[in-house]
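> If you read the protein sequences in the order shown, they are chains A and B.
To convert a position in the first sequence, counted from 1, into our numbering, add 12.
To convert a position in the second sequence, counted from 1, into our numbering, add 39.
Mind having a look at this structure? Questions to follow.
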Amino acid sequence: DAKTTQPPSMDCAEGRAANLPCNHSTISGNEYVYWYRQIHSQGPQYIIHGLKNNETNEMASLIITEDRKSSTLILPHATLRDTAVYYCIVRVSGGGADGLTFGKGTHLIIQP
Amino acid sequence: GAVVSQHPSWVICKSGTSVKIECRSLDFQATTMFWYRQFPKQSLMLMATSNEGSKATYEQGVEKDKFLINHASLTLSTLTVTSAHPEDSSFYICSARATGTGGYQPQHFGDGTRLSIL
C-alpha cells in the first residue's frame, strides 16, 4: 500500500469547513483513498472513499487531485462532535487479505 | 446499515485467565473479519484476518496460540486471549467487510473492547 502523510494536528472553529489534507505521492493506479475517523475510545468510523473522481456523501466531501498524489477531506460545517483522529489510508482494490494499515492520522480539534 | 457489534465493551480480569471477545455483523454477512489492537496513544495495528470456515491469518509477531480466532459463521468471529497477562491489556477492535462486495468496499468497525488484566 502506498504511504500517506498527514499533519499531526489541526484546529478548526465550530461551524466552519474543516479541510484535512493527505499526501500520497506514491499511489498507484488501482489504489483507492479511504478516510476513517476515530473518536476517543471508540472504533474507527468509515467516512468516504474514492479512486479518481471527487466524492460526496452525507458526512463529507473528498477532493482528489488530478495526478492523485494528494487529497483533501472536507467536513463542510464542523461541529464539536467532529473532534477526532482522522486517518487517510490508501488501499489496493481486490480481494485477499486486506486489513488496513493505520498511520498516525490527524487529530482534528473543533474549537467552540 | 453496516453495523458491527462487539461484546463485551469492557473487561477486567486476573492474570492467567482467558477472555473471549465477540464480533458480530448485525445487518450483513461477512466472509472476512479483521482483528486490531490499539495501545494508548498509538494507532491501530492489524493482528489477524479471520476467514469464515477456515484458519485465521496472523500478522508477523502475533502469537496464534495466544490469540485464538474462530469464525464459525458469516456473522460472528471470536477472539480469545488465552492466559492473559498485564501486557495483553489493550483496546481490541474488530472490523468486517460485506460478503460479495468488491475489495474496494470499506470495512466497518465495532466499538472495541477495552481489556484490562490485573
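Where is the CB? At the ideal position from N, CA and C, for every residue including glycine.
Determine the DSSP secondary structure at residue 126 (chain B), reduced to helix, strand or coil.
The sequence position of residue 126 (chain B) within the second sequence is 87, counting from 1. Residue 126 (chain B) falls in the helix class under three-state DSSP.
> Where does residue 83 (chain B) sit, in a helix, a strand or coil, going by DSSP?
Stepping through the second sequence from its first residue, residue 83 (chain B) is reached at position 44. The answer is coil: DSSP assigns residue 83 (chain B) none of H, G, I, E or B.
> Which chain A residues are close to residue 92 (chain B), counting only those with a beta carbon under 8 angstroms from its beta carbon?
As a position in the second sequence, residue 92 (chain B) is number 53, starting the count at 1. Within chain A, no residue comes near residue 92 (chain B); the closest Cβ sits about 16 angstroms away, beyond 8 angstroms.
> Applying the criterion that 16 or more other CB atoms from any shown protein chain within 10 Å of the CB defines a buried residue, is residue 123 (chain B) buried or exposed?
Residue mapping note: residue 123 (chain B) aligns to position 84 of the second sequence, counting from 1. Buried, since its Cβ has 16 or more Cβ neighbours within 10 Å.
> Over the uninterrupted beta strand (DSSP E) stretch that includes residue 71 (chain B), give me the two end residues.
Counting from 1 along the second sequence, the entry for residue 71 (chain B) is found at position 32. Where residue 71 (chain B) is concerned, the enclosing beta strand (DSSP E) stretches over 71-77.
> Note down, in chain order, each residue of its chain lying with its Cβ closer than 8 angstroms to the Cβ of residue 144 (chain B), except the 5 sequence neighbours on either side.
Looking up residue 144 (chain B) in the second sequence gives position 105. So the list reads 136, 137, once near-sequence residues are dropped.
> Can you pull out the residues from the stretch 81-105 of chain B whose beta carbon lies closer than 7 angstroms to at least one beta carbon of chain A?
Per Cβ criterion, the list reads 82, 83, 85, 88, 96.
> Strictly under 9 angstroms for the Cβ-Cβ distance: is residue 153 (chain B) near chain A by that measure?
Within the second sequence, numbered from 1, the residue matching residue 153 (chain B) stands at position 114. True, the Cβ-Cβ gap to chain A drops below 9 angstroms.
> Closest to residue 58 (chain A) by CA distance: which of B:81, B:147, B:152, B:156 is it?
Start at 1 with the first residue of the first sequence, and residue 58 (chain A) comes out as number 46. Nearest of B:81, B:147, B:152, B:156 to residue 58 (chain A), Cα basis: B:147.
> Should residue 55 (chain B) be flagged as near chain A, meaning a C-beta pair shorter than 9 angstroms?
Within the second sequence, numbered from 1, the residue matching residue 55 (chain B) stands at position 16. It does not; no Cβ of chain A falls within 9 angstroms.
> If you check the beta carbons only, do residue 51 (chain A) and residue 90 (chain A) fall under 9 angstroms apart?
Locating residue 51 (chain A) in the first sequence gives position 39, where the first residue counts as 1. Locating residue 90 (chain A) in the first sequence gives position 78, where the first residue counts as 1. No.
> Nearest-angstrom Cα distance between residue 113 (chain B) and residue 77 (chain B)?
Start at 1 with the first residue of the second sequence, and residue 113 (chain B) comes out as number 74. Start at 1 with the first residue of the second sequence, and residue 77 (chain B) comes out as number 38. Distance between the alpha carbons of residue 113 (chain B) and residue 77 (chain B) is about 25 angstroms.
> In angstroms with no decimal places, state the Cα-to-Cα distance between residue 52 (chain B) and residue 98 (chain A).
Against the second sequence, residue 52 (chain B) aligns to sequence position 13. Against the first sequence, residue 98 (chain A) aligns to sequence position 86. Spanning the two alpha carbons is a distance of roughly 32 angstroms.
> Going by the CB atoms, is the gap between residue 36 (chain A) and residue 16 (chain A) shorter than 9 angstroms?
Translated into the one-based positions of the first sequence, residue 16 (chain A) becomes position 4. Translated into the one-based positions of the first sequence, residue 36 (chain A) becomes position 24. A contact, by the Cβ cut-off of 9 angstroms.
> If we ignore side chains and look at the alpha-carbon of each, how far apart do residue 49 (chain B) and residue 56 (chain B) end up?
Within the second sequence, the letter at position 10 stands for residue 49 (chain B). Within the second sequence, the letter at position 17 stands for residue 56 (chain B). C-alpha separation (whole angstroms): 15 angstroms.
> Using C-beta distances below 6 angstroms, list every residue in its chain close to residue 19 (chain A), excluding the 5 sequence neighbours before and after it, in chain order.
In the first sequence, the residue the question calls residue 19 (chain A) occupies position 7. Cβ neighbours of residue 19 (chain A) beyond the five flanking positions: 118.
> Using 8 angstroms for Cβ pairs, my map puts residue 151 (chain B) next to residue 81 (chain B). What's the rounded Cβ distance?
On the second sequence, position 112 is the one that residue 151 (chain B) refers to. On the second sequence, position 42 is the one that residue 81 (chain B) refers to. In fact, because the Cβ distance is near 14 angstroms, the residues do not count as touching under 8 angstroms.
> With burial defined as no fewer than 16 other Cβ atoms inside 10 Å of the residue's Cβ, what is the status of residue 21 (chain A): buried or exposed?
Along the first sequence, one-based indexing puts residue 21 (chain A) at 9. Its Cβ having fewer than 16 others within 10 Å, residue 21 (chain A) is exposed.
> Is the distance from the Cβ of residue 74 (chain B) to the Cβ of residue 129 (chain B) below 9 angstroms?
In the second sequence, residue 74 (chain B) corresponds to position 35, counting from 1. In the second sequence, residue 129 (chain B) corresponds to position 90, counting from 1. No.
> Assuming residue 76 (chain A) and residue 62 (chain A) form a contact by the criterion Cβ under 8 angstroms, report the distance between their Cβ atoms to the nearest whole angstrom.
Locating residue 76 (chain A) in the first sequence gives position 64, counting from the first residue. Locating residue 62 (chain A) in the first sequence gives position 50, counting from the first residue. Yes, they are in contact, since the Cβ atoms of residue 76 (chain A) and residue 62 (chain A) sit about 6 angstroms apart, within 8 angstroms.
> Does the beta carbon of residue 56 (chain A) come closer than 9 angstroms to any beta carbon on chain B?
Taking the first sequence and counting its residues from 1, the one referred to as residue 56 (chain A) is at position 44. Taking Cβ atoms only, chain B reaches closer than 9 angstroms to residue 56 (chain A), which makes this a yes.
> Tell me whether the beta-carbon of residue 71 (chain A) lies closer than 9 angstroms to the beta-carbon of residue 92 (chain A).
If you number the first sequence from 1, residue 71 (chain A) lands on position 59. If you number the first sequence from 1, residue 92 (chain A) lands on position 80. No, the pair does not count as a contact, with Cβ atoms beyond the cut-off.
> By how many angstroms is the C-alpha of residue 103 (chain B) removed from the C-alpha of residue 115 (chain A)?
Counting from 1 along the first sequence, the entry for residue 115 (chain A) is found at position 103. Counting from 1 along the second sequence, the entry for residue 103 (chain B) is found at position 64. The straight-line gap from Cα to Cα measures roughly 24 angstroms.
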